[in-house]
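Encoded as structure tokens, the structure appears first; notes follow it.
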Amino acid sequence: MNLPAVNHRPTQEFIYPASRNELILQLFTAAKDIDEVTLLYWERYEQDPSKIHRKKLSVSLRDDQRDCYRTSIRTKSIAAYIRYCFELKKGTETIWYGRNGFDESFRGMNESFFEFLWPNPTDGFRAPKWAASQIYYQIFPERFCNGDNALSPKQAVAWGSTPTRENYMGGDIPGIIKQLPYLSDLGITCLYLTPIFEGSSNHKYDTVDYYKIDPQFGTEKELHALITEAHALNIRILLDGVFNHCGFYFPYFQDVVEKGQASQYSRWFFVQSYPIKTDPCTYDCVGHYKWMPKLNLANEAVQNYFTEVGLYWIREFGIDGWRLDVADEMPTKFLEHFAATVKEKYPDALLLGETWGDADRLVSGNRLDCAMNYLFKDAVTDWIAKDKISVSTFDQRINRMLSLYPQETNLRMYNPLDSHDTARFLFSCGNDIARLRLGVALQMTLPGCPAIFYGDEIGITGDNDPLCRQAMQWDKSKQDLHTKEWYKKLIKCRRNSNVLQEGNFHTLYVDDENGVYAFSRSVDNDVAIIILNTGTKEIQIPPQKGPTDKTLTVLFNESAAFSAPQNKLSSETKCSDEEMWTTSGCSVKILTTESEGVTQ
């Protein structure tokens, strides 16, 4: 046994309360190293060995280095003072693992055990339940739709012009209102708007006034109308909170520029020397970009200011939560203060953080509910779009990604294929629309919430900023309507399936030679089986373990390479093994045991 690879601690990373009488627990071992893992657990007051509960664990997730075992412990009363240890077997060797390390024999009920003490309600997962069922749609307001020409800047160029980092095209809030029926028809349930507050640029990440909507986007009345009409269509709204930094012309920073160290706001920023200069910068700024001074969020006054900003737009306008820009640069102290204050008054508000890597610090403890999952985006891009990695490497990266967070967090992660900060996924695919469609199938079926960047659904392409930020195409004759239909069908599949929204993930089959990947999602006795064939040949994969004794229907079975969508193949009878495990080239197949839709 590779004992140094065995890892568990009685801390929140490894054990936490799902409720008053349920604990979620996980153990890590070296990949494919242990033959059998058994969890032994009992209550502190018990001394009778017959009261020890034994539960065999199976591998939940596996990458190229680690196996992750996850399970739950349910108790009749409160799950307090639960003692436990692990029995590990490999061949003829048996080892017990407890707080004192490894033993060759079980030490009994009073020695070398881990112990979970008390299920404090604030220690468990608390994100809004609604957040696990969302289909996000990211809008860059300046480029989505021009609903009122009177709001457009005088220097605006023609809609559809080549985007630059400086030009304007006139997108606004009335334009978003105008297109709400389009978004509802697509199946969108939550809009994420990049900043709408007054700023000095077309992107507005250089905020000047956190309490004022930028005049080129509209008025407070129009924002109210957007939120009211969106909610009537069961579409939620997240605003972008640029609280990590501000714009150069933010009044409090300008006060420091004018008064230097004598300014009452000098400690709101990280000033290296006075007077303030921009070339070279004498102050810290995000990404070394001189027009975005970094805010000192460890300062209590700054914390309180931006927490009140967060509360204001929820209280006065009824937004459904915040996406926090550059959250991974924010101090933990601020994240906890902001989350605690917002959640105390608005427990159903969602807090989403931006990060481009491991989001553990953002989503651990009482901080944010979820994060932008660029680990997902990068894995799909490297496999589907760029052919940089094999199917097996992709599978290892997905399993590793899912092992980073609790299942509840995984289900709520924001899974993009691209964004305003990256090349369009279609562009990364070499503008191969079939590859885009395969990527979308993964986005709609893997754990986490799909996040569509405006226009991807109609085939918009473009390199990284500024070319990814082009104007939305509203001329239907120039839209890829077949790809839009692909999106609509997969969105409907996801929204009608509790398993695709909340199911556990398990790899079923990996075929590097033929480019075939199969995995399952399961909740209790229901399952969805997803098979992606990225190759060119029809393949019949070996039958995989699954609930084939139950009726399986074909929910989706289409070729991503066809210019026009095929008719959906479905049946109310049990699929034969041959039908179930046969997959055409460049296609997606989804089978499920669910009998009724759960559209939310």
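Residue numbers are given in my numbering: position 580 of the sequence shown equals residue 583, and the series is strictly consecutive.
Just so you know, even glycine gets a beta-carbon here, dropped at the ideal spot from N, CA and C.
Model, not experiment: these values are computed from the prediction.
Query, Result
"How long is the line joining the alpha carbons of Ile85 and Trp45, rounded to whole angstroms?", "6 Å"
"Between the C-alpha atoms of Ser574 and Asp209, what's the straight-line distance to the nearest angstrom?", "Low confidence applies here, because Ser574 scores a pLDDT of 41, under 50, leaving its location unreliable and the question unanswered by this model."
"Look up Pro419 in the DSSP assignment and say whether it is helix, strand or coil.", "strand"
"Does the segment 469-477 come within contact of the segment 434-454, defined as at least 3 CB pairs closer than 8 Å?", "no"
"Would the beta-carbon of Leu535 fall within 9 Å of that of Leu441?", "yes"
"When the Cα atoms are used, what is the spatial distance from Trp294 to Pro177?", "29 Å"
"The beta strand (DSSP E) spanning Phe105 covers which residue range?", "104-106"
"How many angstroms separate the CA atom of Thr539 from the CA atom of Ala362?", "36 Å"
"Is DSSP giving Val530 helix, strand or coil here?", "strand"
"In the DSSP output, which residue or residues are listed as bridge partners for Thr595?", "Ala531, Thr556"
"Find the nearest neighbour of Pro7 within the set Ala33, Ile27, Pro13, judged by alpha-carbon distance.", "Ala33"
"The beta strand (DSSP E) with Phe508 in it runs from where to where?", "507-514"
"Taking C-alpha atoms, which residue in Asp421, Pro166, Asp323, Ala130 lies nearest to Tyr377?", "Asp421"
"Given this structure, state the Cα-to-Cα distance separating Val40 from Glu90, to the nearest angstrom.", "6 Å"
"With a cut-off of 8 Å on the beta carbons, I'd call Asp372 and Ala130 a contact; round off their distance for me.", "4 Å"
"Helix or strand or just coil, what does DSSP make of Ser431?", "helix"
"Using 8 Å as the cut-off, can you tell me whether the segment 164-180 makes contact with the segment 221-237, which would need three or more C-beta pairs spanning the two stretches below that distance?", "yes"
"The ligand MG heavy atoms versus the CB of Arg239: any closer than 8 Å?", "With respect to small molecules bound, the structure shown includes none, and the ligand MG cannot be examined in it."
"Can you confirm whether the segment 112-132 touches the segment 390-402 when touching is taken to mean that 3 or more C-beta pairs between the two stretches lie within less than 8 Å?", "no"
"How about Ile27 and Gln410: do their beta carbons lie closer than 9 Å?", "yes"
"What runs of the beta strand (DSSP E), each 3 residues or longer, lie entirely inside the segment 50-98?", "56-60, 62-65, 69-77, 85-93"
"Mapping the DSSP letters down to three states, classify Met375 as helix, strand or coil.", "strand"
"Using only alpha-carbon positions, find the residue among Asn413, Asn507, Phe508 that is nearest to Phe128.", "Asn413"
"Quick one, which of Arg65, Arg438, Phe428, Met447 has its alpha-carbon nearest Gly458's?", "Phe428"
"Is the beta carbon of Val530 sitting closer than 9 Å to the one on Leu493?", "no"
"Along the chain, which unbroken stretches of the alpha helix (DSSP H) at least 4 residues long are found entirely within the segment 143-199?", "176-181, 183-189"
"For Pro254, which three-state DSSP category applies?", "helix"
"So what does DSSP say about Lys346, is it helix, strand or coil?", "helix"
"Given Leu572, which residues of its chain have a CB within under 7 Å of its CB, disregarding the five upstream and five downstream residues?", "Bear in mind that the predicted position of Leu572 carries a pLDDT of just 41, short of 50, making it unreliable; the figure below should be weighed with that in mind. Cβ within range, chain order: Val557, Asn560."
"Could you tell me the distance, in whole angstroms, from the CA atom of Ile542 to the CA atom of Ser590?", "11 Å"
"Taking the beta strand (DSSP E) that Trp325 belongs to, which residues open and close that run?", "324-327"
"Classify Tyr214 as buried or exposed, calling it buried when 16 or more other Cβ atoms lie within 10 Å of its own Cβ.", "exposed"
"Which residue wins for smallest C-alpha separation from Arg239, given the options Arg326, Gln504, Ala161?", "Arg326"
"By alpha-carbon positions, which one of Ile401, Gln482, Pro334 ends up nearest to Arg65?", "Ile401"
"Report buried or exposed for Ala265, applying the criterion of at least 16 other Cβ atoms within 10 angstroms of its Cβ.", "exposed"
"Distance check for Pro144 and Asn170, CA to CA, integer angstroms please.", "14 Å"
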